[in-house]
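Chains as they are written, first to last, in this note's numbering: chain A, 1 to 327; chain B, 328 to 570.
1) Determine, using beta carbons only, whether residue 60 of chain A comes closer than 8 Å to chain B.
2) Name the DSSP bridge partner or partners of residue 360 of chain B?
3) I'd like to know if residue 415 of chain B contacts chain A, where contact means its C-beta is closer than 8 Å to some C-beta of that chain.
4) Per DSSP, what kind of secondary structure is residue 365 of chain B in: helix, strand or coil?
5) Can you tell me whether residue 557 of chain B is helix, strand or coil according to DSSP?
6) Between residue 92 of chain A and residue 151 of chain A, what straight-line distance do the alpha-carbon atoms span, to the nearest angstrom?
7) So, are the CB atoms of residue 320 of chain B and residue 378 of chain B less than 8 Å apart?
8) Could you pull the start and end residues of the beta strand (DSSP E) that residue 395 of chain B belongs to?
9) Relative to chain A, which residues along the segment 434-457 of chain B have a C-beta separation below 7 Å, given in chain order?
10) Whole-angstrom Cβ separation of residue 362 of chain B and residue 544 of chain B, contact assumed at under 8 Å?
11) Determine the extent of the beta strand (DSSP E) in which residue 410 of chain B is found, giving its start and end residues.
12) Which residue's Cα is closest to the Cα of residue 11 of chain A: A:271, A:43 and A:232?
13) Give the straight-line distance between the Cα atoms of residue 325 of chain A and residue 19 of chain A, rounded to the nearest whole angstrom.
14) List the residues that DSSP assigns as beta-bridge partners of residue 280 of chain A.
15) By Cβ distance, which residues of its chain are closer than 7 Å to residue 331 of chain B, with the 5 residues on each side in sequence left out?
16) Of the choices A:253, A:309, A:229 and A:255, whose alpha-carbon is the least far from that of residue 244 of chain A?
17) CB residue 225 of chain A to CB residue 74 of chain A, shorter than 8 Å?
18) With distance defined between alpha-carbon atoms, name the residue in A:181, A:154, A:25 and A:178 nearest to residue 169 of chain A.
19) Look up residue 335 of chain B in the DSSP assignment and say whether it is helix, strand or coil.
20) In the DSSP output, what is residue 351 of chain B paired with across the bridge?
21) Determine the DSSP secondary structure at residue 11 of chain A, reduced to helix, strand or coil.
22) Taking 8 Å as the CB-CB cut-off, is residue 420 of chain B touching chain A?
23) Quick one: which chain A residues come within Cβ less than 9 Å of residue 331 of chain B?
24) Is it buried or exposed for residue 327 of chain A, if we count other Cβ within 10 angstroms and need 16 for buried?
25) For residue 423 of chain B, which residues does DSSP report across the bridge?
26) Quick check on residue 107 of chain A - is its C-beta less than 8 Å from some C-beta in chain B?
27) Give me the Cα-Cα distance between residue 419 of chain B and residue 280 of chain A, rounded to the nearest whole angstrom.
28) With DSSP run on the structure shown, which of helix, strand or coil describes residue 562 of chain B?
29) Return the chain-ordered list of same chain residues with a C-beta closer than 8 Å to the C-beta of residue 443 of chain B, the five sequence neighbours on each side being excluded.
30) Only counting the same chain, and skipping five residues up and downstream in sequence, which positions put a Cβ closer than 6 Å to that of residue 233 of chain A?
31) Strictly below 8 Å CB to CB, what residues from chain A border residue 401 of chain B?
32) With residue 497 of chain B as the anchor, note down where its beta strand (DSSP E) starts and where it stops.
33) Since residue 403 of chain B is in the alpha helix (DSSP H), which residue starts that stretch and which ends it?
34) Which partner residues does residue 390 of chain B have in the DSSP bridge list?
35) DSSP state of residue 436 of chain B, grouped into three classes?
36) Would you mind stating whether residue 399 of chain B and residue 380 of chain B have Cβ atoms separated by less than 8 Å?
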């Protein structure tokens with residue numbers, strides 16, 4: 001019994017899951033059953049993969065002990081640069097790859113500047129938040145370019161089959177989430193990421209190339225944010241320069257609500273997904289319950305604080321329960 | 328047999344104008360446990376950092392088993408069998424014992440360019456064995472290192488060094504911040520090194536700890552070695568008077 005309690009306390013994402021179930025039940029009742037209706041779920045499932053992919057990237061980077069505030073801007077820059085490249089007559093596949101390479105380069109710059117000058121990634125990526133947003137607007141010339149009509153949306157955002165609640169983007173999300181989760185728990189690189197974020201000096205003294213590990217995480221985080229932006233733009237059909245504003249903070253909130261530690265070393269992909277689901281459920285549930293939508297940010301704020309306090313408390317309780325066999 | 332396991336010849340090191348090591352010569356034989364003492368800034372840490380590959384000497388040579396080596400990184404030092412255990416502890420508290428034991432040296436099922444899937448079953452099995460080998464009994468290799476006491480953590484660090492067949496264990500103030508009981512445990516580990524055929528270099532501010540566990544005392548001051556005697560031929564007072 002004690003052992004089970006401890007296992008539960010050690011996994012803050014399970015508490016998030018419990019809260020999610022409670023919230024779904026409450027909003028389901030308050031919205032007269034609309035929350036879990038097919039049409040509503042269909043709508044929610046369109047946005048979820050986009051936000052969750054950003055949250056997964058941010059979580060990965062936070063586990064390795066760094067932080068990225070520029071994901072919201074990269075979310076807008078990737079599809080915008082792709083649209084501009086497309087309009088110069090380059091094929092779609094090449095344009096997407098170039099767009100993702102731009103994201104990778106931004107992640108590299110974030111990491112390189114942070115590590116080379118030993119400044120907090122909070123500052124570097126705050127700068128990049130402005131830089132990438134500005135670039136997005138500059139290259140668009142102030143007017144969103146038109147996307148060609150024949151893009152392969154069947155591969156990214158169309159419904160998987162006629163009448164399916166899921167779009168292809170959901171499939172991308174599931175596959176990428178599984179890959180990142182496997183990277184973290186099954187590979188030696190995942191071991192290095194956790195060690196680097198958990199205790200940088202110890203990891204370095206064991207010969208882990210901590211700087212390289214961090215730069216790879218910065219790059220993965222940016223590429224995931226850019227890919228998520230691509231999904232949104234293909235879904236909406238137009239690359240607006242303002243998309244993703246405020247997304248960086250929601251992504252951090254999702255990661256933290258899902259049990260990722262700000263100090264690094266701790267966190268899971270599953271937690272990031274639970275955190276995203278919680279935020280989406282609150283957003284959607286408030287609207288459906290006819291609560292003034294401006295309460296949304298209030299609720300996210302309270303939830304974030306509550307989650308961090310609860311996680312700290314759970315960690316403390318867990319340490320108290322020692323299931324020591326013998327000394 | 329008579330080739331020394333470590334030989335330092337004329338090691339020199341400057342840190343932005345400060346002469347941290349002046350012509351240090353030090354020979355350590357296999358199976359010896361050497362206590363390295365000295366005040367802050369005497370050069371002990373510099374010497375240790377060179378031997379563990381964190382810094383590189385400006386001139387002079389390091390020989391391991393008679394062969395000249397170039398230690399450019401902690402990985403290089405580990406490859407040559409020199410493993411360092413730091414005072415701050417080289418364990419990651421948020422990770423399990425099994426994962427900690429193999430940081431950077433994970434057994435792999437398969438890998439491409441050094442990255443791939445870890446053999447976690449083997450990691451768990453081998454860490455149980457490694458921990459038992461240093462006479463430490465822990466409930467599970469999946470327990471987080473953060474839940475262990477300071478002494479247990481140093482024990483796991485020593486188990487890790489032994490598991491990877493290190494020849495020389497450098498212990499940089501391993502008893503700092505430990506309770507008396509925990510300290511005794513660590514001193515027990517250090518004394519046990521000889522029985523395992525390992526060479527030890529034990530750095531500490533605490534003369535008692537050094538005298539309890541080492542067979543030779545080396546003292547440093549102002550970047551030089553100023554004293555070097557078997558423990559049996561000296562006393563705490565004599566060493567103290569020098570520093």
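For each residue, glycine too, the CB sits at the ideal point set by N, CA and C.
In short:
1) For the purposes of this step, residue 60 of chain A is identified with residue 60 of the first chain, where counting begins at 1. No, no contact with chain B.
2) The residue given as residue 360 of chain B occupies position 33 in the second chain. Paired residues: B:527.
3) Within the second chain, numbered from 1, the residue matching residue 415 of chain B stands at position 88. Chain A contact via Cβ: present.
4) Mapped onto the second chain, residue 365 of chain B falls at position 38. In the structure shown, residue 365 of chain B sits in a strand (DSSP, three-state: E or B).
5) The count along the second chain starts at 1 and reaches residue 557 of chain B at position 230. Residue 557 of chain B falls in the strand class under three-state DSSP.
6) By 1-based counting over the first chain, the position of residue 92 of chain A is 92. By 1-based counting over the first chain, the position of residue 151 of chain A is 151. Answer to the nearest angstrom: the Cα atoms are 7 Å apart.
7) Only positions 328 to 570 of chain B appear in the structure, and residue 320 of chain B is not among them; the question remains open.
8) Taking the first residue of the second chain as position 1, residue 395 of chain B is located at position 68. That run of the beta strand (DSSP E) goes 394-396.
9) 435, 442, 443, 444 and 445
10) As a working note, residue 362 of chain B is residue 35 in the second chain. As a working note, residue 544 of chain B is residue 217 in the second chain. With a Cβ gap of about 5 Å, residue 362 of chain B and residue 544 of chain B count as contacting.
11) In the second chain, residue 410 of chain B corresponds to position 83, counting from 1. Segment 409-412, the beta strand (DSSP E) holding residue 410 of chain B.
12) The residue labelled residue 11 of chain A in the question sits at position 11 within the first chain. Among A:271, A:43 and A:232, the Cα nearest to that of residue 11 of chain A belongs to A:271.
13) One-based indexing of the first chain puts residue 325 of chain A at position 325. One-based indexing of the first chain puts residue 19 of chain A at position 19. Residue placement at residue 325 of chain A cannot be trusted, given a pLDDT of 41 that sits under 50; what the coordinates show is reported in the next sentence. For residue 325 of chain A and residue 19 of chain A, the distance between alpha carbons rounds to 33 Å.
14) Working through the first chain from its first residue, we reach residue 280 of chain A at position 280. DSSP lists no partner for residue 280 of chain A.
15) Taking the first residue of the second chain as 1, we reach residue 331 of chain B at position 4. Here the set comprises 354, 355 and 356.
16) Here residue 244 of chain A is taken as the residue at index 244 of the first chain, counted from 1. The shortest C-alpha separation from residue 244 of chain A is found at A:229.
17) For this step, residue 225 of chain A is matched to residue 225 along the first chain. For this step, residue 74 of chain A is matched to residue 74 along the first chain. Yes.
18) Locating residue 169 of chain A in the first chain gives position 169, where the first residue counts as 1. Here the closest residue by C-alpha is A:154.
19) As a first step, residue 335 of chain B must be located in the second chain, where it is residue number 8. Residue 335 of chain B falls in the strand class under three-state DSSP.
20) The sequence position of residue 351 of chain B within the second chain is 24, counting from 1. Residue 351 of chain B pairs with B:338.
21) Counting from 1 along the first chain, the entry for residue 11 of chain A is found at position 11. Three-state result, residue 11 of chain A: coil.
22) For the purposes of this step, residue 420 of chain B is identified with residue 93 of the second chain, where counting begins at 1. Yes, contact with chain A.
23) Taking the first residue of the second chain as 1, we reach residue 331 of chain B at position 4. Under the 9 Å cutoff, chain A gives no residues; its nearest Cβ is about 25 Å from residue 331 of chain B.
24) Against the first chain, residue 327 of chain A aligns to sequence position 327. Reliability of the predicted coordinates at residue 327 of chain A is poor, the pLDDT of 36 falling under 50, and the value obtained from them is presented with this limitation in mind. By the neighbour-count rule (16 or more Cβ atoms within 10 Å), residue 327 of chain A is not buried but exposed.
25) To locate residue 423 of chain B, count along the second chain from 1; it is residue 96. Per DSSP, B:471.
26) Working through the first chain from its first residue, we reach residue 107 of chain A at position 107. Closer than 8 Å: no.
27) Taking the second chain and counting its residues from 1, the one referred to as residue 419 of chain B is at position 92. Taking the first chain and counting its residues from 1, the one referred to as residue 280 of chain A is at position 280. Near 34 Å, if we compare the C-alpha coordinates of residue 280 of chain A and residue 419 of chain B.
28) Locating residue 562 of chain B in the second chain gives position 235, where the first residue counts as 1. It is coil, neither helix nor strand.
29) Residue 443 of chain B sits at position 116 when you count from the first residue of the second chain. 435, 436 and 437.
30) In the first chain, counting from the first residue as 1, residue 233 of chain A sits at position 233. Contacts found: 79 and 239.
31) As a position in the second chain, residue 401 of chain B is number 74, starting the count at 1. Neighbours of residue 401 of chain B on chain A, chain order: 204, 205, 206 and 207.
32) As a working mapping, residue 497 of chain B is identified with position 170 in the second chain. First-last of the beta strand (DSSP E) with residue 497 of chain B: 495-499.
33) The residue you call residue 403 of chain B lines up with position 76 of the second chain. Residue 403 of chain B -> alpha helix (DSSP H) spans 401-406.
34) Position 63 of the second chain, counted from the first residue, corresponds to residue 390 of chain B. Paired residues: B:334 and B:395.
35) Position 109 of the second chain, counting from 1, holds the residue named residue 436 of chain B. Three-state DSSP puts residue 436 of chain B in a strand.
36) One-based indexing of the second chain puts residue 399 of chain B at position 72. One-based indexing of the second chain puts residue 380 of chain B at position 53. Contact flag set, yes.
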